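**Student:** What follows is a structure written as structure tokens; I'll ask about it next.
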Amino acid sequence: MLNIALPKGRLGDQVYRLLAGAGYDCREAFDESRKLVFESEDRSVRYFLVKPSDVAIYVEHGAADIGIVGKDILLESRPDVYELMDLGLGRCRMCVAAKNGYVDQRDVTLRVATKFVNIAKRYYAGIGREIEIIHLNGSIELAPLLGLSDVIVDIVESGKTLKENDLSVRTEIFPISARFIANKASYQFKGAQVDEMVGRLKAAIEKEAGA
Ligand code: PRP
């Protein structure tokens with residue numbers, strides 16, 4: 008049996024649709040049930056529904072053989088897994104954003120609010136800028152509005168949250184999309200099944216693109 012960790016929420020809905028298109032039935036994931044584990048009818052695949060930021064943890068530790076996770080999570084936590092495929096879903100961007108009208112003073116320490124502490128530290132180290140990190144867990148856009156930070160490092164998808172809070176993108180750090188990952192040991196033992204799934208997902212994506 009192949010164990011798959013799937014993200015709940017926004018990205019999840021797109022992922023379940025893609026899996027169904029590739030012939031992997033995870034219908035139950037669509038319904039309103041609170042169950043977190045599902046099996047396919049032929050019992051060849053078991054799905055776990057987990058918090059998007061936890062997918063890579065399940066896969067790295069082998070609790071799941073494979074998983075689908077955003078590139079942002081992979082760059083933040085750098086898990087020791089194989090990244091086998093870009094699914095092209097959940098496209099968005101990691102950005103630096105600030106309040107409209109904010110003027111950066113390069114000689115003072117920049118206060119950066121973010122969920123993505125490692126990404127922010129690496130980015131500012133790369134451009135040689137001194138920062139103070141303010142680690143938040145959500146609603147990051149509030150921080151510059153309340154004077155808690157000068158800028159934020161966060162995900163921008165439609166741009167609506169920034170716009171509605173009088174903020175705008177200052178720099179795009181990198182693009183993000185969902186990736187198919189595998190546990191390294193599982194890939195040795197279940198490589199044929201994993202490769203078959205990658206092949207079927209690729210075919211489903213091409214079919215969708217051509218439709
Ligand atoms: C994410 C992100 C932004 C928002 C961007 O937050 O942190 O706040 O989505 O989307 P948009 O550009 O389409 O407006 P999420 O909804 O995951 O919730 P959070 O605030 O709890 O992090």
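Each residue of the sequence shown is one higher than the last, beginning at 8 in our numbering. All C-beta atoms, glycine included, are put in the ideal place defined by N, C-alpha and C. In this text the structure is predicted, and so the values were computed from the model without any measurement.
For residue 8, which residues in the same chain have their Cβ closer than 6 Å to its Cβ, ignoring the five residues on either side in sequence?
**Tutor:** Closer than 6 Å at the Cβ level, and outside the excluded window around residue 8, lie 53.
**Student:** Assuming residue 62 and residue 12 are in contact, meaning their beta carbons sit under 8 Å apart, how far apart are those beta carbons, in whole angstroms?
**Tutor:** Indeed they touch by this definition, with Cβ atoms about 5 Å apart.
**Student:** For residue 125, count neighbouring Cβ atoms within 10 angstroms of its own Cβ and tell me buried if that reaches 16, exposed if not.
**Tutor:** Burial call: exposed.
**Student:** Can you find the residues in the same chain that come closer than 6 Å, C-beta to C-beta, to residue 142, ignoring five residues on each side of it along the sequence?
**Tutor:** Excluding sequence neighbours, residue 142 sits near 124.
**Student:** With a 10 Å radius around its C-beta and 16 neighbouring C-beta atoms as the bar for buried, classify residue 117 as buried or exposed.
**Tutor:** So residue 117 counts as buried.
**Student:** The beta strand (DSSP E) spanning residue 162 covers which residue range?
**Tutor:** Taken as a continuous stretch (DSSP letters only), the beta strand (DSSP E) holding residue 162 covers 158-163.
**Student:** Please check the pair residue 30 and residue 207, which I expect to be a contact at CB under 8 Å, by giving their CB distance rounded to whole angstroms.
**Tutor:** The Cβ separation is near 6 Å, so the contact holds.
**Student:** So, are the CB atoms of residue 188 and residue 59 less than 9 Å apart?
**Tutor:** Cβ atoms of residue 188 and residue 59: not closer than 9 Å.
**Student:** So, is residue 203 buried or exposed, given that buried needs 16 or more other C-beta atoms within 10 angstroms?
**Tutor:** Answer is exposed; the Cβ neighbour count stays below 16.
**Student:** Could you tell me if the beta carbon of residue 146 falls within a distance shorter than 8 Å of some heavy atom in the ligand PRP?
**Tutor:** Under cutoff, so the answer is yes.
**Student:** Count the C-beta pairs between the region 150-168 and the region 102-117 that are closer than 8 Å, then say yes if the count reaches three, no if not.
**Tutor:** Touching, yes.
**Student:** Please report how far the alpha carbon of residue 33 lies from the alpha carbon of residue 50, in whole angstroms.
**Tutor:** So the two alpha carbons sit approximately 12 Å from each other.
**Student:** What whole-angstrom Cβ distance do residue 155 and residue 127 have, given they're in contact under 8 Å?
**Tutor:** In fact, because the Cβ distance is near 15 Å, the residues do not count as touching under 8 Å.
**Student:** Could you pull out every residue in the same chain whose Cβ sits closer than 8 Å to the Cβ of residue 166, ignoring the five residues on either side in sequence?
**Tutor:** The residues are 176.
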